[in-house]
Amino acid sequence: MTAWGRFISENRGPLLVTPALAVLVLMNIFPLLWSFGLSFFKYRANRLQEPEFIWFKNYFKVLTDDRVWNRFQTTAMVVSIDVLLQLIVGFLLALMFEKQFPGRRVLLMLVLTPMMLSFVAVGAFFRYYYEPTFGLLSQAIKSITGEPFILLASPAGAIAGIIFADVWMWSPFVMLLVLAGLVSVPKHLYEAAEIDRTSWWRRFWTITFPYIRGLLLLAILFRTIEAFKLFDIVFLITEGGPGTSTETIAVYVYRVAFQYFKTSQSAALGYILLFVVIVLTNLYLYFVRRRAEEN
Amino acid sequence: MADIELRNLTKLFGKLAAVDDIDLDVEAGEVMCLLGPSGCGKTTTLRLIGGLEQETAGDIFIAGKRVNKLRASQRDIAMVFQFYALYPSLTVAENLAFPLHAEKLSKAEIAQRVAHIADVLELSHALNRVPGRLAEGEKQRVAVGRAIIRDPQCFLFDEPLSRLDVALRQEMRGQIKQLLGDLHKATVIVTHDQIEALTIGDRIAVMRDGVIEQVASPHNIFAQPANVFVAGFIGTPQMNLLPARGIAADGARLRTRLLDQEVTLPIEHRGADLPRADATMTVGIRPRGFNLATEAGPDTLAGTVDLVEPMGAETLMHLRVGEADVRVVTGYRKAIAVGRHLRVRPRAGQVHIFDDTGQRVEP
Amino acid sequence: MARRRREIGKAGWGRTAMSAVISFIYFFPVLWIILTAFKTHTDALAIPPKFLFTPTLENFANVFSRAYQRGGEEIDTHFDLFFFNSIFIAGTSVLLALAVGTLAAYAFSRFPLRGNDTYMFIVLTTRMLPPIIVIIPIFLMFRVTGMSGTYAGIILLYAAFNLPFTIWMMKSFFDEIPPEVEDAARMDGSSEFKVFFKICLPLVKAGLAATAVFGLILTWNEFLFALLLTGMQTRTVPVAMAQTIGGDIGVRWGLLAAIETLFLIPVVLVTFLLQNQLLRGVTFGTIRR
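Residue numbers (the numbering used here), protein chains in the order written: chain A, 916 to 1210; chain B, 3 to 365; chain C, 130 to 418.
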């Protein structure tokens, strides 16, 4: 075997990984580091001024900025209501599809479709439905109350509008995970419970729930991570309005970076966001591993 | 009146009859073993009794009450599952107490019963463990404990010992037999292990292809198999089932043409119809039902030793007789080397005669 | 006939009826958009909403005709170009990600590297991190290198964007092949090269297809990167759709609905075909059922 051949066979693992890592480094790691460096400078991408090194000033500025805390609060509120509702709806959908029945596969597809759609398409749908005059929702409510109804005019309404769209889109995801848990319950446990004359409630908590607990946690984490990135739907349905009432942190970073062009400040903000997401991702992996060990 | 009665019970899976028009009675206090090869319908029968499957036709009575339309929970039964079906998130104590929740007992009463069962089954040390941390034998005992903690109409066991290793299985066989003796309830046990059926069962129902081939006591099923299938299924090594043609019968002797040799077989003639002379029949003789013969005679069968399998105290010899293989078990001292000629003589009382449809003929 | 007991795990037509109603309500927003796509502009804005109408293909025709009339003004939709862009960019970037990612996934699955878990974690994090934070430097980078608005730039970015998903998915499929199969091939004297291409790849064919399709959907639907990094010539459908709404007065809802309908047909088809792989796909292969 030539030296070259030996080198290849001894290092086949690293060699196979190298191209992938190269792409990731070029398109993810390098930009991340750049971003990190940038967050210590004073820099605006739309001006010719040379970047000026200012230590932690950007972080200081961002963390003491009331607007940032306000956007974080908005995000936290939207995320928690959003994920909670997704859990409830997803759970109920899963219970509906738990058993085998004629036509289940086709109906399941109808319910699963929303989560495969583009945020833009979903945003456009709901913008159409929320439209003040001819939107379906507005018309439906007007026919009941007699008053014109503009959902997106009030902060609460706008938030509800966004959450409704996101819950519609992502409840199927929760359903899918819960369903996987429900299916994994050994059938003979249900049979034993039937023979033991167990009530529905007790059967659910002692048999079913332990099997879906892990997956439910994963669903919550995954949806929370994703919801933190909530951008497209907000951007399309309300553009952050009315006022800044629906401006989530992701939308805010976008504005700071590409509308106000406070480039380095947005980088600092982005890093704070990244920290939150890394913590959540770590949790996600932790639960995935634990689940893998349980099985 | 029987405690469990099955009448014309049938279960179709698509077009396949898993259980085909069977009748069976299990008396109070009796242990009935459903025995058969896999796919014979024994487990389906058990699940029909338990209410876990919906029968296609026929009736099920438990304690005289028709239960066809009752759910499993309404039938007042207890069942031990093949895979134990222990609730994985509950401790042993909680698992044992689980069936009692429906009985609205006081906490103290539940605790006392759990303690009692744990004592009987030697589980007291494991009460606070979850099933995942139990040894296989302990899991099995918890499964049994969960069934016997209540006072149901009857007990159903689905392959209760199949997951245990050989030593544990022997130990548990004895324990379960004793336990069932104390409980005195109608019990149905499904098993594919004939030793288990023969030791635990008061009676055995041998099933094949959804049909019950014979119901009898362990002794009778061994000593008087009703047909060729039961004869071949029960007993190891397997009974020799040899094609024969009758020549003449007189008193306690049946002259036959057996594997192209003329052999006179000792039978106990009780006056019933013998197969007509020249009728084809199957002669069944267990491997242990032969004596080695020292000289040729009309009552011996001659062959060549083809293969010798030592079995410890005994030796199994395969005797080539014409095209057929005849199994003979002898004490290990008497074993003959391969290639030698040998004559064997069927012992009186060891000869089973089956007619050309495979049914037993009581001579 | 007397009511029969139900066996555990089975439900009957009653459940079908109930589920059908709920599923249709759930699906209604999609259905209504599809219906709207067949309405004239006036019908699309009708008050009360029209459930019965004369269907027209005008909207679909307008999607692809280079220009249509509105108030005497010629408006160029360019959607033929945008659909081409979406297909071309998604297809190329997914192929790229698949080629590079499958190799890496195989290595992660078969040759335990030092710190393997760390690599896998980094790979996953790059996918989980908010796109907004990578986009700022990439935006600057693309501006400096002149890659902004080019096919090459956005394709490369999407390939990187798909890579973590591809690696995690493909690793989960490779993990399912028992290593004995490969060892047997090695015993028979196959080279590593042959083991990978002749033994492993054919075994994960279904996985490759599923991964590719999920990658296609992810890319097909992506909005933010495309918004910031594509130019007029490389614009994808989601960006163009968003801009159609952006023009505040007189959104052509019928036209938009037609675009959306065309845009979601492939996605709905795939959802149906991949139903059994869906769970694995949406959890990055971490749950296989």
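Glycine is no exception: its CB is placed at the ideal position from the N, C-alpha and C atoms.
- Counting only runs that start and end inside the stretch 971-1030 of chain A, the alpha helix (DSSP H) elements of at least 4 residues fall at 972-978, 981-1012.
- Burial of PHE1041 of chain A is indicated by the presence of at least 16 other C-beta atoms within 10 angstroms of its C-beta.
- For ASN926 of chain A, the three-state secondary structure derived from DSSP is coil.
- With its beta carbon at least 9 Å from every one in chain C, ARG986 of chain A lies outside the interface.
- Chain-ordered, the chain C residues with CB closer than 8 Å to the CB of GLN1054 of chain A read ILE176, PRO177, PRO178.
- For the pair of segments examined, the stretch 67-78 of chain B was found to touch the stretch 1100-1113 of chain A: the number of CB pairs separated by less than 8 Å reaches three.
- For SER238 of chain C, there are no neighbours in chain A by C-beta distance under 7 Å, as the nearest C-beta there is about 10 Å away.
- MET319 of chain B and GLN172 of chain B have their alpha carbons spaced roughly 28 Å apart.
- Contact between LEU358 of chain C and PHE271 of chain C holds: their C-beta atoms lie close to 6 Å from each other, under 8 Å.
- Following the DSSP letters along the chain, one finds THR284 of chain B inside the beta strand (DSSP E) bounded by residues 282-287.
- Taking 9 Å as the cut-off, the beta carbon of GLN1001 of chain A is found closer than this to the beta carbon of ARG1138 of chain A.
- Under the DSSP assignment, PRO239 of chain B falls outside any beta strand (DSSP E); it carries neither an H nor an E label.
- DSSP, read as helix, strand or coil, puts GLY341 of chain B in coil.
- A Cβ-Cβ distance of about 6 Å is found for the pair LEU407 of chain C and LEU1091 of chain A, placing them in contact under the 8 Å criterion.
- Flagged as an interface residue toward chain A: ALA74 of chain B, by a C-beta distance shorter than 9 Å.
- At a cut-off of 9 Å between beta carbons, ALA233 of chain C contacts chain A.
- Residue pairing by DSSP puts ILE64 of chain B in a beta bridge opposite B:ILE6, B:LYS67.
- Partner residues in the beta bridge of GLU316 of chain B, as assigned by DSSP, are B:GLY333.
- TRP382 of chain C and THR171 of chain C have their alpha carbons spaced roughly 10 Å apart.
- Listed along chain A are LEU1025, VAL1026, each with a C-beta nearer than 7 Å to that of TYR155 of chain C.
- By the criterion of at least three beta-carbon pairs nearer than 8 Å, the stretch 330-348 of chain B is in contact with the stretch 307-315 of chain B.
- Bridge partners of PHE956 of chain A according to DSSP: A:PHE968.
- Secondary structure of GLY230 of chain C (DSSP, three-state): helix.
- The stretch 122-131 of chain B and the stretch 45-54 of chain B do not touch, with fewer than three beta-carbon pairs separated by less than 8 Å.
- Secondary structure at ARG364 of chain C: coil, using DSSP grouped into helix, strand and coil.
- Contact annotation, ALA145 of chain B with PHE83 of chain B: C-beta distance approximately 7 Å; criterion of less than 8 Å satisfied.
- A direct Cα-Cα distance of roughly 41 Å separates ALA313 of chain C from VAL192 of chain B.
- The three-state secondary structure of PRO220 of chain B, taken from DSSP, is helix.
- About 7 Å separates the Cβ atoms of ILE267 of chain C and LEU286 of chain C, confirming a contact at the 8 Å cut-off.
- Secondary structure note for ALA117 of chain B: its alpha helix (DSSP H) is the uninterrupted segment 109-122.
- With a threshold of 9 Å between beta carbons, ARG1020 of chain A makes no contact with chain B.
- Per the DSSP secondary-structure output, PRO268 of chain B pairs in a beta bridge with B:ARG255.
- Distance from the CA of ALA99 of chain B to the CA of GLU32 of chain B, rounded to the nearest whole angstrom, comes to 26 Å.
- The CB of LEU384 of chain C never comes closer than 8 Å to any CB in chain A; the least such distance is about 11 Å.
- Collapsing the DSSP output to three states places PRO946 of chain A in a helix.
- Taking 8 Å as the Cβ-Cβ cut-off, the stretch 1167-1189 of chain A approaches chain C at VAL1168, TYR1169, ALA1172, PHE1173, THR1178, SER1181, ALA1182, GLY1185, TYR1186, LEU1188, LEU1189, given in chain order.
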